[in-house]
Amino acid sequence: MTLPPLDLVAVLAGLLGVLAVASVIGYALQRRLSADGSNVVIENLNDRIRAWWVMVILMGLALMGGRIGVTVFFAFCSFAALREFITLTDTRQGDHWALALAFFVVLPVQYYLIWIDWYGLYAIFIPVYAFLLMPIVAALRGDTDHFLVRIAEVQWALMICVFCTSHVPALLSLDIPGFAGRNVLLIAFLVIVVQISDVLQYVWGKLLGRTRIAPKLSPSKTVEGFLGGALSATAIGAGLSWMTPFSPLEAALLAFVIVVMGFFGGLVMSAIKRDRGVKDWGHLIAGHGGFLDRLDSVLFSAPIFFHLTRFWWSVP
Amino acid sequence: MADVSAGPTETPPPARPRQQRFLARVVGTGVLLFAHFITAVRGKWDGVAPDDEQRIYFANHASHGDFVLVWAVLPPRMRRKTRPVAGADYWLTSALRRFIGRDVFNAVLIERDRVARTSDPIGLMAQALDEGASLILFPEGTRNVTDAPLLPFKSGLYHLARMRRHVSLVPTWIDNLNRVMPKGEFVPIPLICTVTFGAALHMGEGESKQAFLDRAEAALLSLSVKADTP
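So the protein lines, in turn, are chains R and H.
If you use the numbering used here, the first sequence corresponds to residues 1 to 316, in order.
If you use the numbering used here, the second sequence corresponds to residues 317 to 546, in order.
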């Protein structure tokens, strides 16, 4: 096993430092404003910071674990996300085989293809093979009520939760000249930019937010929050170019694309939650909701970031 | 080397030898881990706190896994004292089921067939309560495979509540497990489940059987609505 790149160790140490500062601030705020645990905003902030510790440590361990660590970690994220997504769909007993197939065959096969680095198949396995196979299996059960809606829901769930998520570990297989052995930093770059952008949009929104972007979908998203968060996350992305194969300008452009996709990903997933009448996808991450609540913006940006990087930087 | 044929006849070994108990604990832990993996189950304590008092949790019944989920969300100390009530006609029919029902879950196994039974179900449940156990009870009597949210309750809950008035009756709604494994399927689908505990009931003075059962049904049903809003 090869050692993780030094830059990765530096990045993780930096993140833990940021979290330590956040924890100290959170503690001070709590002492001052919410000594009896009654200030909801402060309590939620501290819940979130605590959950961030767990997420950063788990993610760090996965990235240090190299190819196997990253693949298994994101396979589990896909599983948890798919479990949350399917819970909110209107599937019936007639979809039982199709769903079993989605969880126990399609998901593992997709990650196996990522693992063995078979780009030609993992890029089309779900959009082509699963797309055609799942409705066949559902049709064989003979339940025609809302058939199109049901198979569309399952396919959409697979595309979002498995196909899109799997493009994060797929970054490891890109062959970028002069960057060999350091691909794991592309994942760190993507995830850091997306998550920092989410946090900064939240912060800017709280500070300056006036004009709502989509009051029906997500009342907390504001133009000021989005612009402030997107621009500062783009700047941070440029500042992280040392850990990527990109120049500062390229890193800024890619970070901007990631941030915009992430923002709209959050919006789309909010629309689904709204439609289903829930506030969060699940309850596994205290203060954040479910896996999908934390992953929604990563899912939308991962495939785009993957293909842009593949098209312009990797050699076939 | 001991000579088996010699000497006085040995007394039979204790009913549950150490190895079997150990195996039961391992299997119990495995079942709980599997339940968490598939359902990410979470307990919502809406009307009662997870306090260590003697209770009868009465729940809706749609799947064989129902009591596992209730068990899974109880704090470990309470879990050890809480026994599911289950049908002997199902759990004693094979060696594996007997092992799981008796050894792993320490179920109170009752005979549901009124005509053929040789033991009194209410008596067995009361005895378990007198020994200090809490119970998980499915007052519908059988798995609900209809579209109705609940089947009419059998009278067992009423008789037991009347005989042991001090025990709190906690309505317990298990949400979504029927979709995880509908009747007739054998592969569970991973879906998020919740177990919601409502406010405890006690039987009122002179409350009639039907009034009590109606009240219990309504208390349980009211939780099913809440379960949809996380």
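By construction, the Cβ of each residue, glycine as well, lies at the ideal position given by its N, Cα and C atoms.
Being a predicted model, the structure only gives us computed values, none of them experimental.
Given that L284 of chain R touches chain H, what residues does it touch there, using C-beta distances under 8 angstroms?
A356, listed in chain order.
Compile a chain-ordered list of the residues in the segment 123-147 of chain R whose CB is closer than 8 angstroms to at least one CB of chain H.
Under the 8 angstroms Cβ criterion, the segment 123-147 of chain R contributes no residue.
Strand pairing of L425 of chain H, partner residues [DSSP]
Answer is H:A402.
Measure from the C-beta of Q93 of chain R to each C-beta in chain H and report whether the shortest distance is under 8 angstroms.
Q93 of chain R has a beta carbon lying within less than 8 angstroms of a beta carbon in chain H.
Expressed to the nearest angstrom, what Euclidean distance is found between the alpha-carbon atoms of Y129 of chain R and Q110 of chain R?
In a straight line, the C-alpha of Y129 of chain R is about 11 angstroms away from that of Q110 of chain R.
Run down chain A in chain order and give the residues with a C-beta less than 9 angstroms from the C-beta of P498 of chain H.
Any reference to chain A falls outside this structure, whose protein chains are R and H.
For R294 of chain R, return the contacting residues in chain H, with the cut-off set at a CB-CB distance below 7 angstroms.
Within 7 angstroms of the CB of R294 of chain R, no CB atom of chain H is found; the nearest one sits about 15 angstroms away.
Could you check where the beta strand (DSSP E) with S450 of chain H kicks off and where it finishes?
Here the beta strand (DSSP E) through S450 of chain H covers S450 to L453.
Residue range of the alpha helix (DSSP H) that includes I114 of chain R:
For I114 of chain R, the enclosing alpha helix (DSSP H) begins and ends at L107 to W115.
For A187 of chain R, name the three-state secondary structure that DSSP assigns.
The sequence as given places Ile at residue 187 of chain R; Ala does not occur at that position. In this structure, I187 of chain R counts as helix in the three-state DSSP scheme.
Hey, is R334 of chain H's beta-carbon within less than 8 angstroms of any beta-carbon in chain R?
No Cβ of chain R is located within less than 8 angstroms of the beta carbon of R334 of chain H.
For K206 of chain R, which three-state DSSP category applies?
Reduced to three states, the DSSP call for K206 of chain R is helix.
Below 6 angstroms CB to CB, which residues in the same chain sit around L12 of chain R once its five sequence neighbours on both sides are set aside?
Counting only Cβ-Cβ distances below 6 angstroms, and skipping sequence neighbours, we find G60.
Buried or exposed: H377 of chain H, going by 16 or more other Cβ atoms within 10 Å of its Cβ?
In summary, H377 of chain H is buried, with 16 or more beta-carbon neighbours lying within 10 Å of its beta-carbon over all protein chains present.
Output, in sequence order along the chain, the residues in the segment 505-537 of chain H whose CB is closer than 7 angstroms to any CB in chain R.
Taking 7 angstroms as the upper bound on Cβ-Cβ separation, chain R lies near residues I505, P506, L507 and I508 of the segment 505-537 of chain H.
When you compare the CB of E84 of chain R with every CB in chain H, is at least one pair closer than 8 angstroms?
Chain H, which has a Cβ nearer than 8 angstroms to the Cβ of E84 of chain R, makes this yes.
Pair within 8 angstroms by beta-carbon distance, M394 of chain H and D368 of chain H:
Yes, these two residues count as a Cβ contact at 8 angstroms.
Could you please tell me which residues of the segment 471-497 of chain H, in chain order, have their CB closer than 8 angstroms to any CB of chain R?
From the segment 471-497 of chain H, only N492 and R495 have a Cβ closer than 8 angstroms to chain R.
Would you say A271 of chain R faces chain H, with C-beta separation under 8 angstroms as the test?
Using a CB distance cut-off of 8 angstroms, A271 of chain R does not count as an interface residue toward chain H.
Tell me where the alpha helix (DSSP H) around V260 of chain R begins and ends.
Unbroken alpha helix (DSSP H) run through V260 of chain R: P248 to R276.
Identify whether L485 of chain H lies in helix, strand or coil by the three-state DSSP scheme.
Strand at L485 of chain H.
So W361 of chain H is in the beta strand (DSSP E); what residue range does that whole segment cover?
Element bounds for W361 of chain H: R358 to W361.
L476 of chain H to L408 of chain H span [Cα, whole Å]:
One C-alpha to the other measures close to 23 angstroms.
Cβ of A157 of chain R within 8 angstroms of Cβ of F79 of chain R?
No, the Cβ-Cβ distance between A157 of chain R and F79 of chain R is not below 8 angstroms.
Hey, would you say C164 of chain R sits closer than 8 angstroms to P4 of chain R, going by beta carbons?
Here C164 of chain R is not near P4 of chain R, since their CB atoms are 8 angstroms or more apart.
Do M261 of chain R and A188 of chain R have their C-beta atoms within less than 8 angstroms of each other?
No. Outside cutoff.
Tell me the DSSP bridge mates of G289 of chain R?
Looking at the DSSP assignment, G289 of chain R forms a beta bridge with R:I285.
How is R48 of chain R classed by DSSP in three states: helix, strand or coil?
Three-state DSSP puts R48 of chain R in a helix.
Are the CB atoms of H288 of chain R and A62 of chain R within a distance shorter than 8 angstroms?
Going by C-beta atoms, A62 of chain R is not nearer than 8 angstroms to H288 of chain R.
With C-beta atoms as the reference, is V386 of chain H less than 8 angstroms away from I452 of chain H?
Yes, the pair counts as a contact, with Cβ atoms nearer than the cut-off.
The segment 99-116 of chain R: positions lying closer than 8 angstroms to chain H by Cβ:
When C-beta distances to chain H are compared with 8 angstroms, the residues of the segment 99-116 of chain R below that value are L99, A100, F103 and F104, in chain order.
Residues near R358 of chain H by beta carbon distance below 6 angstroms, same chain, minus five either side
Excluding positions up to five away in sequence, the list reads T510.
Would V257 of chain R and L308 of chain R be called neighbours here (beta carbons separated by less than 8 angstroms)?
Against a cut-off of 8 angstroms, the Cβ pair of L308 of chain R and V257 of chain R comes out as a contact.
Meets three-Cβ-pair contact criterion under 8 angstroms: the segment 15-34 of chain R and the segment 86-98 of chain R
With a cut-off of 8 angstroms, the segment 86-98 of chain R and the segment 15-34 of chain R do not count as touching, because too few Cβ pairs lie within range.
Using the Cα positions of A20 of chain R and S297 of chain R, report the straight-line distance between them to the nearest angstrom.
Those two C-alpha atoms are separated by around 25 angstroms.
Rounded to the nearest angstrom, how far is the Cβ of A442 of chain H from that of A423 of chain H, given a contact under 8 angstroms?
Incorrect: roughly 16 angstroms between the Cβ atoms, too far for contact.
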